[in-house]
Every structure is written in C-alpha cells, then in structure tokens.
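In the working numbering, the protein residues as written are 403 to 960. Beta carbons: idealized from backbone N, C-alpha and C, even for Gly. Just so you know, these numbers come straight off a predicted model, no measurement behind them.
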C-alpha cells in the first residue's frame, strides 16, 4: 500500500479536505521528511483507518502548515461542527506530529483518534435495559485485562467498518463480576450486545476482519441468545419454544453451524420461537447432566417435549425443521391419539412411521416425511403420523414392530387396521410419494401412443377438454424423478384437464412431429392448435400455472 500523492488541484476538491489525513509535507526544500520506507509502512498500517498523503508542492505545504520544514508530519483531523443543524458541515484541525520513528508516529496519531467508550457493570446494565426498551444501536464490546494498548490499532479501525454499531471496552480486572456472569474466560474477548438485550460471545479467531463479520451478522440476529445454565432452566420452567444448539468452540461442525443458526434465527419472531446456544466447554456440568455427548447437538424445546434436529445443518434446513415443529404436518401419535388410526374410516388413508430417535436411518427419514406431508397436503383424506417406539412401547409391541424405521400404509376403502401395506423402498420423498400415490384410486394419467394422441389430443370435437401431456424417456433421470410429481399433478387437476404421457423412446416419430427434443417436456393443449409449455417440474407450481392459463382462457372466451 503506497501513500497518495496530492497535487494542489486535488486539494482544491472539497472531497479531499472533508476527510481525515495523515499528511507528509515533503517539498524539495524539506530535508526532514520521513524516508520512503517509513512512508510506505505508515500507509500500510493506516490502511482502512485514515488516508496517508504526500504533498510535494511548496505553496500548498506552506498553506497547510507554515513550519513544515521542521515538522513535516501533520494529522489533518476533520470534525463535525457541534451545534450545526447541517450534518455535512465540518471543520479541520491540524495536529503537528513531532516524531520520526514509525512506531512513535503511529502511537501519536492513534492517540488523536476517538477512544472507545469505557464501560463498567452499571453502564453495561443501563445499555442492556435501553436495548430491551427498543434502542436500535447494537454494541461490539471488547473484554480485556491490563492496558488496552495492543488493541488500540484494531479498535480505531472498527468504526470505519461498523458505522452503525457502538463500541465499548470493559476491563475485567475492574468489572470481574460482570465478566464472570458473561462467561468471559480469555482476553481479549469480543461480544455483541444486541437489540432486545440478547448477548453473544465471539468464539472464533482473534482476526479483525472475522470479528467484524461476526459483529455484523450477530447484530442482525437479535433472536439468538448465548445461554447460561440459569437461563436454560428458566426456559425449561417457562415452557416456551426454543431451538438450542449445544456446542464446543473447537468443534469444526459447530463452527460451520453457528453462522447458519444466526441466519435461521432471523426468519422468526421471538414470540413464536427463540434461538439459543450453550457452550459446553464453559458449562460442562449442564451439558453432561442433559446427556450431551456429541457436538453440535441441536434440540427443539417446546413445553415438556424435546425434539432432536436431524435435518440439513444449514439455514434452510433449520428453518424448515423449526416451521415443522411450530406447524406440524406430521401428527405425533401416542396411546390416546393412535386410536385415530385404529378407528380409521374407509375415506381416509394413513401413513405411519414407527421410529426410534437414536436410529440414524430414522433421523434421515424424518425431514423426508415432513416434505411428503407438505406435498400431499392437497389430498385432505391423506393423514401422516409418527410413533416414537422408545416412549410408545405398547403401540409398537402391539403392531409387532421389529425394526426401525417401519413405514405402514392403511389404504382407502379399509377400516381401521384391517388392511396394511408395508414399505420396502428408498427413504427419499420421491420414492415415498410414488408409493403412496399408487394406492390412490383411478388411473388419471393415460399412456398415449401415436394413434391415441392424434385422436384424443390433436383432433377437434365438440366436447374437447384440455390435455396436459408429459413427454418422457424411460432412461432419463429427471423423468424418473418427475413421474410421481406428474401423478400428483394429475390427481390435483382431475376434472379440469385430462392428463397423458408419451414414451418418446417408443414414440420417437410422434415426439419429433410435436417438436419435443428434451425430456421431460410438458405441454398444456387448450385445443389441437393451441399449446403452452410448462417449464416447472414442481407439482404445486405446475398446478398453479395450469390453473392460471385456464382462468385466462375462460375469461377471454367470455
């Protein structure tokens, strides 16, 4: 990083004079100017903090500081004019830096820059109270012991990068009780005090840009709290909804999960669910008592119920899991509620997952079951339940459950538990959906060869109904995944359109005729001469688009 050479025309621009500079006034007649190596070091040290400039013009140097020959180093400090209503109004104060050694110059310039606010236990509590009452200014706080000289350069850089945060410094020798209550165990330590009063300690490396990135993300995550044992037991007693991450700072998966937790917490209001972290290196007794044996362990607490998180450990996976916990699409069955299955009517179809929480395949299956429930939500007669065989032993024993997970389907047309189908396929949502849809009545997707396609789809007749046609190839992976989606689409749109499928491997000539060159391709035929390509392969999106096209068509005809 080099110092910037400033000409008189540069300095005439108001933008130059309205920011702070370390100026090196070095015309040819100045013999006391610092060496080029010193200037380069100063530019590197102050990068991102203040600009370093060299002025070689004699007249300009003299205008800035008349004694530049003896004292060529000056700090041009720009200050906002106090009492002015115009926030853009500012003035400059010139400080002569009487030093030649790099370290001494840096020390003197830093001494002229604003100091962080020194806090004690009382001021910390006052700030936290104001934040809980609605103050929007989050704080980045550094906890230290002894002199904060070594932190000086880091501290002075931070306001440039975090202009919307306030900065505080707490001496843990003088505020030992406060630091102990916040579980500060090493120095320097960094923490963010957020809007609504939540506090979070930084557990990463003592590298400035990483601390700044943490501060930005943490200050936005006002719904994430670092919890103490007392706060945890208070949560359990009050019975609110909490998603809690039990972690160790040294654990690599924990380090990856924590920023995802922060982002996920921003999707929810604290009235519905709050997020917490518990550091098991600080609170080892609590973690041991709660049975935490691996890191990270993440659990959803809601009243007396504890649900283990086994989804994808990222922002989306956490959000989906928490939403499923708050608005469950899968019914948790116990001895009282399992009677719904035992007394099932002929008009209901039940899928029941018998599982054990410690079983790894069961853990992987759980988010797939929730996804299945959502994708089948259009079918009001489909019910999906789950039975925890570690707590509901009597149910599982009566149903002769020998392994986990066991998935059973009680189909339409049967009462209670009289008829049952056992699932033996893959534990992914596509395979599960295809299996379930095969138990639904009616063949709503018609296989179409060339003759049938021309007669049904491409022929005009008085009672023509729109056709939705899936052109596919058996060897195409995307087609295989889309097959259960298309069956779901057909069942959802039954009565509005007819649905068919064309095997382009067998009907190559037909697919060329209708200009199908990739698979799957889906066309909605409103008439033999009017068709619309449907590009989505998500059932809900396809249904929405088809209904929209049909509505416009009906409106135009009217």
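At the level of alpha carbons, what is the spacing between residue i and residue j?
i: residue 783; j: residue 681; result: 45 angstroms
i: residue 773; j: residue 820; result: 27 angstroms
i: residue 791; j: residue 675; result: 27 angstroms
i: residue 473; j: residue 499; result: 7 angstroms
i: residue 618; j: residue 657; result: 17 angstroms
i: residue 526; j: residue 654; result: 32 angstroms
i: residue 420; j: residue 505; result: 26 angstroms
i: residue 488; j: residue 480; result: Residue placement at residue 488 is flagged as unreliable, the pLDDT there being 46, under the threshold of 50; a coordinate-derived value is accordingly withheld.
i: residue 614; j: residue 601; result: 16 angstroms
i: residue 727; j: residue 691; result: 25 angstroms
i: residue 433; j: residue 563; result: 37 angstroms
i: residue 713; j: residue 679; result: 18 angstroms
i: residue 700; j: residue 457; result: 59 angstroms
i: residue 683; j: residue 924; result: 56 angstroms
i: residue 914; j: residue 920; result: 10 angstroms
i: residue 948; j: residue 886; result: 18 angstroms
i: residue 490; j: residue 417; result: Annotation note: pLDDT 49 at residue 490 (below 50); position unreliable, coordinate value reported separately. Cα to Cα, the separation comes out at about 11 angstroms.
i: residue 944; j: residue 723; result: 25 angstroms
i: residue 928; j: residue 889; result: 20 angstroms
i: residue 647; j: residue 513; result: 42 angstroms
i: residue 794; j: residue 736; result: 6 angstroms
i: residue 839; j: residue 545; result: 60 angstroms
i: residue 528; j: residue 718; result: 36 angstroms
i: residue 502; j: residue 520; result: 31 angstroms
i: residue 560; j: residue 509; result: 17 angstroms
i: residue 597; j: residue 438; result: 47 angstroms
i: residue 575; j: residue 569; result: 19 angstroms
i: residue 523; j: residue 572; result: 9 angstroms
Count the other CB atoms within 10 Å of the CB of residue i; is the residue buried (16 or more) or exposed (fewer)?
i: residue 835; result: buried
i: residue 605; result: buried
i: residue 785; result: buried
i: residue 877; result: exposed
i: residue 903; result: buried
i: residue 667; result: buried
i: residue 644; result: buried
i: residue 813; result: buried
i: residue 800; result: exposed
i: residue 609; result: exposed
i: residue 824; result: exposed
i: residue 965; result: Shown here, the chain extends from 403 to 960; a query on residue 965 therefore has no answer.
i: residue 593; result: buried
i: residue 894; result: buried
i: residue 864; result: exposed
i: residue 899; result: buried
i: residue 867; result: exposed
i: residue 703; result: buried
i: residue 558; result: buried
i: residue 896; result: exposed
i: residue 650; result: buried
Taking only three categories from DSSP, how would you classify residue i?
i: residue 345; result: A query on residue 345 cannot be resolved here, the shown segment of the chain reaching from 403 to 960 and no further.
i: residue 518; result: coil
i: residue 527; result: helix
i: residue 425; result: strand
i: residue 776; result: helix
i: residue 416; result: helix
i: residue 474; result: coil
i: residue 895; result: coil
i: residue 676; result: strand
i: residue 861; result: coil
i: residue 631; result: helix
i: residue 438; result: helix
i: residue 711; result: coil
i: residue 734; result: strand
i: residue 681; result: strand
i: residue 829; result: coil
State the beta-bridge partners of residue i as determined by DSSP.
i: residue 785; result: 752
i: residue 842; result: Paired residue(s): none; residue 842 is not in a bridge.
i: residue 869; result: 900 and 927
i: residue 563; result: Paired residue(s): none; residue 563 is not in a bridge.
i: residue 908; result: Paired residues: none, contrary to the question.
i: residue 700; result: 647
i: residue 592; result: 544
i: residue 824; result: 810
i: residue 670; result: DSSP output for residue 670 lists no bridge partner at all.
i: residue 936; result: 924
Decide if the segment 739 to 755 is in contact with the segment 689 to 697; the criterion is three or more beta carbon pairs, one per stretch, under 8 angstroms apart.
The segment 739 to 755 vs the segment 689 to 697: no contact.
For the segment 761 to 771 and the segment 837 to 844, state whether three or more C-beta atom pairs, one from each stretch, are separated by less than 8 angstroms.
No: the two stretches stay apart, fewer than three of their Cβ pairs being nearer than 8 angstroms.
Can we say the segment 647 to 667 touches the segment 623 to 633, given the rule of at least three CB pairs closer than 8 angstroms?
Counting Cβ pairs under 8 angstroms, three or more are found: they touch.
Say whether the segment 586 to 594 touches the segment 527 to 537, bearing in mind that this needs 3 or more beta-carbon pairs closer than 8 angstroms, one atom from each stretch.
Counting Cβ pairs under 8 angstroms, fewer than three are found: no touch.
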